[in-house]
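To start, the structure under review is shown below, and the notes come after it.
Residue numbers (my numbering): 1 to 910.
What follows is the structure, encoded as structure tokens:
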């Protein structure tokens, strides 16, 4: 009775306060100056036709692609206040226009520079920009300007240019685009585009502060105006009357927009963001700062707001940077039965889905949901001995629950009561580990435990116990029991596998052919529609076999997938094999020739899936246990969603760290970096691409959590760089680049004349090299038993330092000790003795000291100022970013970033 009352109360709260509950669907990510933002005040937000998001800050125009922020500066302006961006828009010809505190600007896309437009006519603040095809409407401090066909027309609402009503704050068009509505600091004005007629309306006559209209938008025949002191005001265009909209708890409205149909989006300077229903005049959703909500917006002082074409919410703050809601395409859903149950953020270990009735096991207890009766109940300690549910099985009208350390319990769905399994080993079934519970076709229930295998018959109440002592069951925990389509049982334990033969009712471990997987630790076994068996091991790739074991092999899933990452496998009705891992989810077909990878952007809440928790229901939906919830997907929708992906766009292409536009490069511009985006605007850590540079890479390479790829030291030739979402050809972007030869065509004739000399030189070099090798061999033999004397060490050290400093061999990341020994005409043994015994230094520490010194020289040289830290480290000879940071800190006591700042520089890459 108490539970019923509790659920009724929850239901009433949900119906009354549904807005607040819905708000939890959004997860916001914050972008601040450490992420590349030019300032913490974001005054305007605009999304262009290509997909870039433009941010107007207090001193700069920023472009955001979902990962990186690029700055576009206003040159020639010293006053910071005048740099503040007030508005950004794009005309139909893809020209980007920007209004700031000093005038009108346009982005020159050929050189990525902002250029000042008509400064002789507009040398004051531009507050609002509105594009209609190729026509640009400009709201300024001194009236309205219309830019059309290269001509600029000025319109004044009052002949006195300095009149307050000429200070236009926002603009919008009416339904038939014949009237322009102007929000000014002294009333609402309309301007007829047909005859130039101007009309005005005032919210309260002779009360100037009520007429300060800061922003406006339109839905149908209603204008919504944001004010500085009166909240949101509505204006009925037909009736020509004003009225107050619903109170938002803050009367300072900083931004307002709409979807043009039903919803008005309102930003307040003090009480967050509100979505207002045009039809019902009620707030349907609200976003506000809550110190306890780590995934909400960072401040209630909002300066700018954008709800984009995909429904993502972009929020610009006064001093908290940018927040944006992480986009997900909705392919995957996290199971919830609102308002009584939501599996989000629960680590799901096991579940049984019987349509409208579900039983879900997690690390935090057991949950029963009946969607027909509306009953939801949770079971935790002390009702459960253990909260960690490992397995659930429906058998003869009841649910059998296996736990870790709490035995096995039985749930009666009729009474919702739990009881211990009362058969067999009482100690085990009350305090032991139950890893799997599976029924067979003959009415038996098989139970894999930490103390062997049990076969229980619910009709006769008889139970049989198999152990390694009384059968051929391999020793250790029994992790998996799976019955194939022939009735044969496959049992996997900690040390190996055996098969249950239903004919002899015995376990057999001596029936496996050589090379089979029976000696490995198998955690999951699955049979597909073609009667192929799949074995997931704790370590190793996916193993497949026929039922008769006459054909079996290891099967590669994805070239970059770690062998120990597989968790579960299941086949959909379209013939795709879905493989859940501890770092993502894949589907493959035709031996991996067709494949897809799914991430956070598809609705997968977390990358880690749980072992064996996969199920296909009667509708063909696939269900997976994830560490952040029980998720499901309709496989039939995958192709539809994948067909709507945004083609990848190159955001920058750099040669030696400098952007370029030509496809033909000089021979020494051979260090290339390709930057790109798919405008996912999800979690950067969930980014997943594959790429290849034809002529360099043989196969596609996987790129995770990054959106740039670099190649160094390319030889002359034509290269084609391709990048795409894994397996998705529709998203592919291609860039062709030619690195010209150092020697032009006319120089080849002269070069041929040098061939004979070069061949002679090579022969001489080989002969000399052979002499060195012979000498080195002799020296090495000498030092196998003899140590170097003090004098020999000094002489060898002198030669080593001279050679390394002269030849700079340390810039070769593949430099080995043997290479140095050969160059010094000594043995590896002698050089090792010198470094370890005489200098008390390892070989790598010795070489890395020179690499660190070289890095210090480069960062002090302006020639390398455009290179990233990673690129500089590679040019110095470090093979990885991690080894570079470790060696630099060990050598200097500070990080590379700290060192650069100490000499007055700025690191391009943190």
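C-beta atoms are modelled at their ideal positions from N, C-alpha and C, and glycine is treated no differently.
Spatially closest choice to residue 278 from 719, 217, 389 and 360, by CA coordinates
217
For residue 480, would you say it is in contact with chain B, using Cβ-to-Cβ distances shorter than 7 Å as the test?
Among the chains of the structure shown, chain B does not appear; only one protein chain is present.
Would you be able to state if there are at least three C-beta pairs under 8 Å between the segment 668-681 and the segment 717-729?
yes
Go through its chain and collect everything with a Cβ distance to residue 398's Cβ below 8 Å, but skip five positions before and after it.
410, 411, 412 and 413
Give, in chain order, every unbroken run of the beta strand (DSSP E) that is at least 3 residues long and sits entirely within the segment 154-196.
168-173, 179-184 and 187-192
Tell me which residue opens and which closes the alpha helix (DSSP H) that residue 801 is part of.
790-807
Whole angstroms is fine: what's the gap from residue 896's alpha carbon to residue 873's?
10 Å
Consider the C-beta atom of residue 50 and the heavy atoms of the ligand GTP; say whether any pair is separated by less than 6 Å.
Although the ligand GTP was asked about, the structure shown includes no ligands whatsoever.
Taking just the CA atoms, how far does residue 32 sit from residue 84?
17 Å
Decide yes or no for the touch test of the segment 854-863 against the segment 815-832: beta carbon pairs closer than 8 Å, at least 3 of them.
no
I'd like to know if the segment 73-82 and the segment 42-61 are in contact, where contact means that at least 3 CB-CB pairs between them fall below 8 Å.
yes
In terms of residues, what are the limits of the beta strand (DSSP E) holding residue 704?
701-704
Residues near residue 185 in its chain [Cβ-Cβ closer than 6 Å; skip 5 each side]:
164, 167 and 212
Do you know how far the Cα of residue 226 is from the Cα of residue 233?
7 Å
Applying the criterion that 16 or more other CB atoms from any shown protein chain within 10 Å of the CB defines a buried residue, is residue 708 buried or exposed?
buried
I need the straight-line Cα distance from residue 122 to residue 142, nearest angstrom please.
9 Å
Do residue 306 and residue 274 count as a contact pair if the criterion is CB distance below 7 Å?
no
For residue 116, the nearest candidate out of 109, 124, 105 and 110 (CA to CA):
105
List, from N- to C-terminal side, the beta strand (DSSP E) runs of 3 residues or more that fit wholly inside the segment 565-615.
566-571, 577-581, 584-589 and 594-598
Limits of the unbroken beta strand (DSSP E) element including residue 913
One cannot answer for residue 913 here, as it falls past the ends of the chain, which runs 1 to 910.
Touch check for the segment 294-303 and the segment 592-605: three-plus C-beta pairs under 8 Å?
no
Give the secondary structure of residue 730 by DSSP, where H, G and I count as helix, E and B as strand, and everything else as coil.
helix
So does the segment 642-655 actually touch the segment 345-361, counting three or more Cβ pairs closer than 8 Å?
no
Entirely within the segment 456-524 and at least 3 residues each: give me those beta strand (DSSP E) ranges in chain order.
462-466, 478-483, 489-493, 497-501 and 506-508
On the DSSP letters alone, give me the boundaries of the beta strand (DSSP E) that residue 420 sits inside.
417-420
Span of the beta strand (DSSP E) around residue 900
Element bounds for residue 900: not the beta strand (DSSP E) but the alpha helix (DSSP H), 896-902.
On the CB-based measure, 16 or more other CB atoms within 10 Å of its CB, does residue 753 come out buried or exposed?
exposed
Anyone know if the C-beta pair for residue 582 and residue 565 falls short of 7 Å?
yes
Quick one: what's residue 632 bridged to in DSSP?
333 and 623
Span of the alpha helix (DSSP H), counted from its first residue to its last, around residue 848:
843-859
In whole angstroms, what separates the C-alpha of residue 710 from that of residue 810?
21 Å
Spatially closest choice to residue 127 from 633, 706 and 214, by CA coordinates
214
Who are the near neighbours of residue 643 in its chain, counting only those whose CB is closer than 8 Å to its CB and skipping five residues on each side?
730
Per the DSSP calculation, residue 532 is bridged to which residue(s)?
546
Hey, quick one: how far does the alpha helix (DSSP H) through residue 385 stretch, first residue to last?
Residue 385 -> no alpha helix (DSSP H), and no H or E assigned at all.
Please tell me whether residue 44 and residue 112 are closer than 7 Å, where the distance is taken between their beta carbons.
no
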